Amino acid sequence: ETCLSVLKKLGEEIAPNADIKSLLAEASCVKQMIRNSSIDDMLDLPKLKDSHKIAKISFLSTAIRCSFEMNQVLFAIIICRMVKLSLQHGLHSISADAFSLYGALLTCPTLSDFDEAYKMGRLALMAIDRLNAFRMKPNVFLSFYGAIAHCKEPVQASIPKLLEGYEVAFALGDMERVTGILQLYAAVAVWGCGDKLTKAEEIIRIHFRRMLQHKQDISCKNILPHLNQVAKLTGSKENVYVTFFNTTEDNFFEEEMNRRGAHTRKLILHTCRMYLAVMCGDMESAAREYERNGAKYQGGIRFFGTTTRVFLAGIVGFYLARKRRLDEKKWAQVGEISMDTIKSWTQDSSWNYAHKLLLLEAECLFLKGEEHEHIAAAKYNESIALAKKHKFKNEEGLASQKAAMFHLEYNRKEEALSHLKHAKACYECWGATGLARQIKIAIESLSSQSFPKI
């Protein structure tokens, strides 16, 4: 209320009961303003000199940080107001942040315009130099390389930029951006296979300890689930929850789930646990994570974690549709919604999503039965080949693992063994020694004629 009151005094009145309809109206207005403007046209706009307008955009920039977790509609409307102010009255260094945030906003399902999102993101990157907005660099990098770039560019290419943004944020003492960028690095490095796990763990651990030294305990709790999943994937016996916070994973999880607010941390916790469960073949645990909160987090800005959750939901959905026949319709729908969503994303970035789509299509055909058997087998093989081509070693291994399960269903032991051996090689290359050991046990068990749980 205080925020809205100050904005009203500054001439930027926003209704306290603003809803999606209000947001769509604001976004439509911005869209009309930029429709026929190129990046160069917008960069050539005059500089903002009016002191009142500078005070207004400065307060809007402050207000946006506190509104992100409290009121998503208000957050989005403030972004639109910042962009409108910049386009109507002139550019300020904060405009670079506003443009990148607006681009990120356009990745939401409600607004969904990836071409325009990418254009605004590129505008923001160029505005950093043009407007001498060095202090805005972490903000812009957070939005562009966290939410926009992977809609068009190979996600692995974001790794060095995220680390660059992290170092700038740390030099500026901007610990909020330090935390946000490190979270995104961990997500892209692990889920996007942007780095080998050993390298990712080393980088995450170095910066995690760096934050602890600066007494950023709360921020570190957002990074801890990423560090935990890497430790488990690599087969480390270390319990990072005990090492750094003298608690157990279950106690940490329950404490955070019962905490008011902290939505970002809860989201990270759920996604890390769901990802680890899927990669380890513990689909029942993955389903529990999805049922607890997973369905809530499919909307909003399309950070890379969002795309990971959608993909995992599809894998879980089709698996449980096969295993829980009484709930087959419910779980098949979860899988189909995820598959349709990823299909739409593939049109803009086949590099990041085509192999995921092929794997979900294979799982869908597996569910449908014998009449689709040969097409399903071909889809698994295509997914494996494309994941390899696009350097997603983690998902090449996962597709091989799922293909093995498919062939076991039809009692094709040799084909299943071949895929398991390929999955093991993928995980070893990725650095997931713990996963590789698990697959080795499955191979030994299958070789001796017993049928393992994969």
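Here the sequence shown is numbered in the working numbering, starting from 144 and rising by one per residue.
Virtual Cβ for every residue (Gly too), placed ideally from N, Cα, C.
Everything numeric in this text was worked out from a predicted model, so none of it was measured.
is_contact[residue i, chain C] using C-beta, thresh 8 Å
| i | result |
| --- | --- |
| residue 552 | The structure shown contains no chain C; it is built from a single protein chain. |
Residue i to residue j span [Cα, whole Å]
| i | j | result |
| --- | --- | --- |
| residue 295 | residue 407 | 25 Å |
| residue 246 | residue 225 | 12 Å |
| residue 173 | residue 445 | 20 Å |
| residue 462 | residue 153 | 54 Å |
| residue 177 | residue 348 | 42 Å |
| residue 372 | residue 416 | 8 Å |
| residue 376 | residue 163 | 41 Å |
| residue 197 | residue 234 | 10 Å |
| residue 345 | residue 312 | 20 Å |
| residue 293 | residue 409 | 23 Å |
| residue 256 | residue 248 | 9 Å |
| residue 402 | residue 231 | 42 Å |
| residue 512 | residue 366 | 42 Å |
| residue 301 | residue 204 | 25 Å |
| residue 355 | residue 193 | 42 Å |
| residue 330 | residue 449 | 10 Å |
| residue 492 | residue 195 | 42 Å |
| residue 273 | residue 184 | 13 Å |
| residue 516 | residue 550 | 9 Å |
| residue 241 | residue 482 | 32 Å |
| residue 214 | residue 358 | 28 Å |
| residue 370 | residue 490 | 33 Å |
| residue 380 | residue 548 | 28 Å |
| residue 342 | residue 411 | 21 Å |
| residue 209 | residue 157 | 15 Å |
| residue 385 | residue 391 | 6 Å |
Helix, strand or coil at residue i according to DSSP, with G and I counted as helix
| i | result |
| --- | --- |
| residue 249 | coil |
| residue 234 | strand |
| residue 190 | strand |
| residue 204 | helix |
| residue 276 | coil |
| residue 161 | coil |
| residue 359 | coil |
| residue 368 | helix |
| residue 339 | coil |
| residue 572 | helix |
| residue 315 | helix |
| residue 538 | helix |
| residue 617 | Residue 617 lies beyond the range of the chain shown here (144 to 597); nothing can be said about it. |
| residue 527 | helix |
| residue 297 | coil |
| residue 153 | coil |
| residue 261 | helix |
| residue 402 | coil |
| residue 428 | helix |
| residue 377 | coil |
| residue 209 | helix |
Residue j beta carbon less than 8 Å from that of residue i
| i | j | result |
| --- | --- | --- |
| residue 289 | residue 447 | yes |
| residue 435 | residue 413 | yes |
| residue 573 | residue 339 | yes |
| residue 238 | residue 270 | yes |
| residue 98 | residue 560 | In this structure the chain extends from 144 to 597, so residue 98 is not present and cannot be described. |
| residue 282 | residue 236 | no |
| residue 202 | residue 149 | yes |
| residue 200 | residue 222 | no |
| residue 170 | residue 228 | no |
| residue 387 | residue 395 | no |
| residue 562 | residue 546 | yes |
| residue 522 | residue 501 | yes |
| residue 566 | residue 590 | no |
| residue 264 | residue 287 | yes |
| residue 484 | residue 334 | no |
| residue 250 | residue 220 | no |
| residue 454 | residue 486 | no |
heavy atom of the ligand COA below 7 Å from residue i C-beta
| i | result |
| --- | --- |
| residue 269 | Among the ligands in the structure shown, none appear at all, so the ligand COA cannot be discussed. |
### Query
Counting Cβ pairs, one atom from each stretch, are 3 or more of them under 8 Å apart for the stretch 503 to 510 and the stretch 301 to 308?
no
### Query
Can you find at least 3 beta carbon pairs, one from the stretch 448 to 465 and one from the stretch 414 to 430, that sit closer than 8 Å?
yes
### Query
Are the stretch 324 to 334 and the stretch 471 to 487 touching by the rule of at least three beta carbon pairs closer than 8 Å?
no
### Query
Counting pairs of Cβ atoms below 8 Å between the stretch 356 to 370 and the stretch 307 to 321, do you hit three or more?
yes
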